[in-house]
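Shown next, in structure tokens, is the structure this report addresses.
Number of protein chains: 2
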Amino acid sequence: MTTDPTRDLLPEGLEDRLPQSAAAVARIQRAVLDVMRSHGYDRVRPPLIEFEASMASRMDGLSTRQMFRFVDPKSLRTLALRSDITVQVGRIAATGLSGAARPLRLCYAGQVARIAGDMLDPRREELQLGAELVGADSVAAAGEVVEVAIEALEAAGATGVSVDFTLPDLVDTLADGPLPLDAATREAVRRELDAKDAGGLVEAGGEAYLPLIHAAGAFDEAVERLDAIDGAGVLDSRIAGLKEIAERVRGRARLTLDPSERHGFAYQSWLGFTLYADGVRGALGRGGTYRIGGSDEAATGFSLYPEGLVEAVKADEDLGRRLFLPLGHDREAAARLRSEGWRTVAALSEADEAAELGCSHRLDGAEAISVRS
Amino acid sequence: MTTDPTRDLLPEGLEDRLPQSAAAVARIQRAVLDVMRSHGYDRVRPPLIEFEASMASRMDGLSTRQMFRFVDPKSLRTLALRSDITVQVGRIAATGLSGAARPLRLCYAGQVARIAGDMLDPRREELQLGAELVGADSVAAAGEVVEVAIEALEAAGATGVSVDFTLPDLVDTLADGPLPLDAATREAVRRELDAKDAGGLVEAGGEAYLPLIHAAGAFDEAVERLDAIDGAGVLDSRIAGLKEIAERVRGRARLTLDPSERHGFAYQSWLGFTLYADGVRGALGRGGTYRIGGSDEAATGFSLYPEGLVEAVKADEDLGRRLFLPLGHDREAAARLRSEGWRTVAALSEADEAAELGCSHRLDGAEAISVRS
Numbered sequence: 001m002t003t004d005p006t007r008d009l010l011p012e013g014l015e016d017r018l019p020q021s022a023a024a025v026a027r028i029q030r031a032v033l034d035v036m037r038s039h040g041y042d043r044v045r046p047p048l049i050e051f052e053a054s055m056a057s058r059m060d061g062l063s064t065r066q067m068f069r070f071v072d073p074k075s076l077r078t079l080a081l082r083s084d085i086t087v088q089v090g091r092i093a094a095t096g097l098s099g100a101a102r103p104l105r106l107c108y109a110g111q112v113a114r115i116a117g118d119m120l121d122p123r124r125e126e127l128q129l130g131a132e133l134v135g136a137d138s139v140a141a142a143g144e145v146v147e148v149a150i151e152a153l154e155a156a157g158a159t160g161v162s163v164d165f166t167l168p169d170l171v172d173t174l175a176d177g178p179l180p181l182d183a184a185t186r187e188a189v190r191r192e193l194d195a196k197d198a199g200g201l202v203e204a205g206g207e208a209y210l211p212l213i214h215a216a217g218a219f220d221e222a223v224e225r226l227d228a229i230d231g232a233g234v235l236d237s238r239i240a241g242l243k244e245i246a247e248r249v250r251g252r253a254r255l256t257l258d259p260s261e262r263h264g265f266a267y268q269s270w271l272g273f274t275l276y277a278d279g280v281r282g283a284l285g286r287g288g289t290y291r292i293g294g295s296d297e298a299a300t301g302f303s304l305y306p307e308g309l310v311e312a313v314k315a316d317e318d319l320g321r322r323l324f325l326p327l328g329h330d331r332e333a334a335a336r337l338r339s340e341g342w343r344t345v346a347a348l349s350e351a352d353e354a355a356e357l358g359c360s361h362r363l364d365g366a367e368a369i370s371v372r373s
Numbered sequence: 001m002t003t004d005p006t007r008d009l010l011p012e013g014l015e016d017r018l019p020q021s022a023a024a025v026a027r028i029q030r031a032v033l034d035v036m037r038s039h040g041y042d043r044v045r046p047p048l049i050e051f052e053a054s055m056a057s058r059m060d061g062l063s064t065r066q067m068f069r070f071v072d073p074k075s076l077r078t079l080a081l082r083s084d085i086t087v088q089v090g091r092i093a094a095t096g097l098s099g100a101a102r103p104l105r106l107c108y109a110g111q112v113a114r115i116a117g118d119m120l121d122p123r124r125e126e127l128q129l130g131a132e133l134v135g136a137d138s139v140a141a142a143g144e145v146v147e148v149a150i151e152a153l154e155a156a157g158a159t160g161v162s163v164d165f166t167l168p169d170l171v172d173t174l175a176d177g178p179l180p181l182d183a184a185t186r187e188a189v190r191r192e193l194d195a196k197d198a199g200g201l202v203e204a205g206g207e208a209y210l211p212l213i214h215a216a217g218a219f220d221e222a223v224e225r226l227d228a229i230d231g232a233g234v235l236d237s238r239i240a241g242l243k244e245i246a247e248r249v250r251g252r253a254r255l256t257l258d259p260s261e262r263h264g265f266a267y268q269s270w271l272g273f274t275l276y277a278d279g280v281r282g283a284l285g286r287g288g289t290y291r292i293g294g295s296d297e298a299a300t301g302f303s304l305y306p307e308g309l310v311e312a313v314k315a316d317e318d319l320g321r322r323l324f325l326p327l328g329h330d331r332e333a334a335a336r337l338r339s340e341g342w343r344t345v346a347a348l349s350e351a352d353e354a355a356e357l358g359c360s361h362r363l364d365g366a367e368a369i370s371v372r373s
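Protein chains in written order, with the UniProt record's numbering: chain A, 1 to 373; chain B, 1 to 373.
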């Protein structure tokens, strides 16, 4: 056999998860799925691969350029490895589940990949978990989704969860109403607001939008500053909705508002939010209201990307109590102890030793006894 | 937005799993992982994608031709979407976990893909679950692995599990010893044995191997017929090993022996086995002893491909009891009922109705009451 000198290398941005880290991922995934399930979300499983054209047609504003693409020898069409599951769940809602009653609650968990990582996160593959409430983008829908997202993160072991709200169509709403802007200026204003550049904003002709830069921060103060903006009357329903959602989750999460932040979600409608937790670098997830690409059905959902949480907890992840089973052990006793939560490690030869195999206990007769003297 | 007329189509051999089927997959995956974990197998998570050359160098006899391949814009090297996780776990054992104590017990669960399905199974993506016992290919190791595989299938809901044993290096062992064959004849004999073609076997010069065709069937009789073959002395340790393993799992599974069957596993050494269950078309999994490609370390393991079981059980898969929560419901009562196993479905508007949303019960005060009159 010829040996490739780079045989042991993985491509940049791809990695093996070893037991501690894999156990953390598995525990987090179960906890999040269990919370979503308990709130009535049914899991669906779309495939890893789809036609690129099909994926693109439902992404409306996003592109498939970030996806691994390749020609299908069967159909001779271009396939893409998914970089997002939300789009696939939207497709399922619009096709296989088009006849299911609305609101339709769906959830998912799976790996996604992209051809390039970024400065903040070089990973090119990660786990995406999420829930979509299809057929509703009301305040009640958004309140439920935010609450489920927080509960899911807590169940996964995140502490100090915070939610940063935004109003993705804020500039359009103001520009179509009390603070008119032409199309070119509108785009420039959005850009300067994203950059939080007050000077640039004035220069771009967006002076009237200056208060938005200051209407960001702790939720209660920020929402009042937003309400005080000239022409904020057109925002009344959004502001009332934000307050209702905040009221519902108050005390369970730190709440902030950054009304003109766009998070790069081209398909969000009136509400967006980003999720953070203590000790985790970067966002753990995001969500909001949107229209499903293609069917244009209203929906609300969130996606979690728990890699940051895994990094934060993996060193302390508990792999469970291990019980060594000597040669000729009592198999019924071993089965009983497994059913009580022990992980058994059976000796295969006289050479196997409890401590070396990570066992704190050994089976002695029908009892687990400590191997530490 | 332009609409692709094939937007709703998935590529051949790829499918969405809707709630019933996705729930069956999730339940089966958890059950199998829990059994492997309880027997001391630690989960690892290799990436979906690797360098093609790296994957190929560890596959020793298998090829990457069945894999989706594409050029990595980062490294400009060819990547492959995995078609098998066993090879990746072997790599992990030989690299990241090379220093871990042996025997090393690892397990995994994940999606694999291949560019072409086959007549028996057109699927191009499926779930693979399995366990690898690294550092041992003894009878004790094989006995443990067969037992864990059976227990995992039972926990997943399979009934009438059967195990078909084989001896992958049987022809080589006989041909190197009492029933000599030159290399060309050896390959022809293997081929005719696979085809169970007695005439072809004689024509190929393998008359002495005829009894192997008849040494297949119910385990106890077949193993005696194998033992009676001229020159079977070289098989003594294998036959004793088979009997010991059969003794260990007798009563838990139907056992058969097909000593010259190869299952297409080029990398198996002395023992191979295939797993079946009642009501499931085709094999549910396979396993055996082998040498890890590259490091040449002894190992024993099994892989399950539960799609057939999912098909068999999905119509009856239980999605759980759903409890409708009317507007203004008691949130603490709802949380308590969720913790007791209920799945709650909250009304978002007056239009939402319990029965239409699949709820058998509704929350009335703090109690769940039936909505069926």
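Cβ coordinates follow ideal geometry from the N, Cα and C atoms, glycine included.
Separation of residue j from residue i, as counted between CA atoms
i, j, result
"residue 196/A", "residue 79/B", "41 Å"
"residue 178/A", "residue 185/A", "15 Å"
"residue 169/B", "residue 189/B", "13 Å"
"residue 1/A", "residue 92/B", "Legend: pLDDT at residue 1/A = 44, less than 50; position of this residue unreliable, value from coordinates given subsequently. Near 19 Å, if we compare the C-alpha coordinates of residue 92/B and residue 1/A."
"residue 174/A", "residue 180/A", "7 Å"
"residue 72/B", "residue 115/A", "7 Å"
"residue 369/A", "residue 359/A", "11 Å"
"residue 70/A", "residue 247/A", "48 Å"
"residue 220/A", "residue 281/A", "25 Å"
"residue 127/A", "residue 305/B", "22 Å"
"residue 9/B", "residue 121/B", "19 Å"
"residue 361/B", "residue 276/A", "35 Å"
"residue 200/A", "residue 76/A", "49 Å"
"residue 81/A", "residue 88/B", "19 Å"
"residue 136/B", "residue 146/B", "14 Å"
"residue 50/B", "residue 12/A", "10 Å"
"residue 118/A", "residue 270/A", "28 Å"
"residue 222/B", "residue 364/A", "38 Å"
"residue 39/B", "residue 346/A", "8 Å"
"residue 142/B", "residue 165/A", "56 Å"
"residue 426/B", "residue 348/A", "Summary: the structure shown does not reach residue 426/B, with chain B confined to residues 1 through 373, and so no result is reported for it."
"residue 357/B", "residue 214/B", "58 Å"
"residue 31/B", "residue 244/A", "41 Å"
Range of the contiguous beta strand (DSSP E) that encloses residue i
i, result
"residue 346/B", "343 to 346"
"residue 207/A", "Counting along the chain, residue 207/A falls outside any beta strand (DSSP E), and DSSP gives it neither H nor E."
"residue 327/B", "Premise fails: residue 327/B is in no beta strand (DSSP E) and is neither H nor E."
"residue 166/B", "162 to 166"
"residue 364/A", "361 to 364"
"residue 376/B", "What the structure shows of chain B is the stretch from 1 to 373, and residue 376/B is not part of that stretch, so it cannot be assessed."
Host alpha helix (DSSP H) of residue i (start-end)
i, result
"residue 173/A", "170 to 175"
"residue 28/B", "19 to 38"
"residue 253/B", "Unbroken run through residue 253/B: none, as it is neither H nor E."
"residue 45/B", "Run containing residue 45/B: none; DSSP gives neither H nor E here."
"residue 219/B", "219 to 227"
Distance cut-off 8 Å: residue i Cβ against heavy atoms of the ligand SAM
i, result
"residue 233/B", "As presented, the structure is devoid of all ligands, the ligand SAM included, so that no description of it is given."
6 Å Cβ shell around residue i - same chain, five flanking residues per side excluded
i, result
"residue 20/A", "314 and 317"
"residue 151/B", "35"
"residue 254/A", "162"
Chain-order list of residues whose beta-carbon lies under 7 Å from that of residue i (same chain, five-residue window excluded)
i, result
"residue 268/B", "168, 288, 289 and 290"
"residue 17/A", "25"
"residue 83/B", "66, 67, 112, 113 and 114"
Own chain residues within Cβ distance below 8 Å of residue i, not counting five before or after
i, result
"residue 33/B", "43, 107, 109 and 129"
CB contact below 9 Å: residue i versus chain D
i, result
"residue 94/A", "Protein chains A and B are contained in the structure displayed, whereas chain D is not."
Kindly confirm or deny that the stretch 324 to 338 of chain A and the stretch 52 to 59 of chain B touch, where touching means at least three C-beta pairs closer than 8 Å. no
Curious, which full-length alpha helix (DSSP H) runs of at least 4 residues does the stretch 77 to 130 of chain A contain? 86 to 94
Runs of beta strand (DSSP E) wholly within the stretch 271 to 325 of chain A (minimum 3 residues, chain order): 285 to 291, 298 to 304 and 322 to 325
Say whether the stretch 17 to 28 of chain B touches the stretch 314 to 329 of chain A, bearing in mind that this needs 3 or more beta-carbon pairs closer than 8 Å, one atom from each stretch. no
Any contact of the stretch 92 to 112 of chain A with the stretch 232 to 244 of chain A, i.e. 3+ C-beta pairs under 8 Å? no
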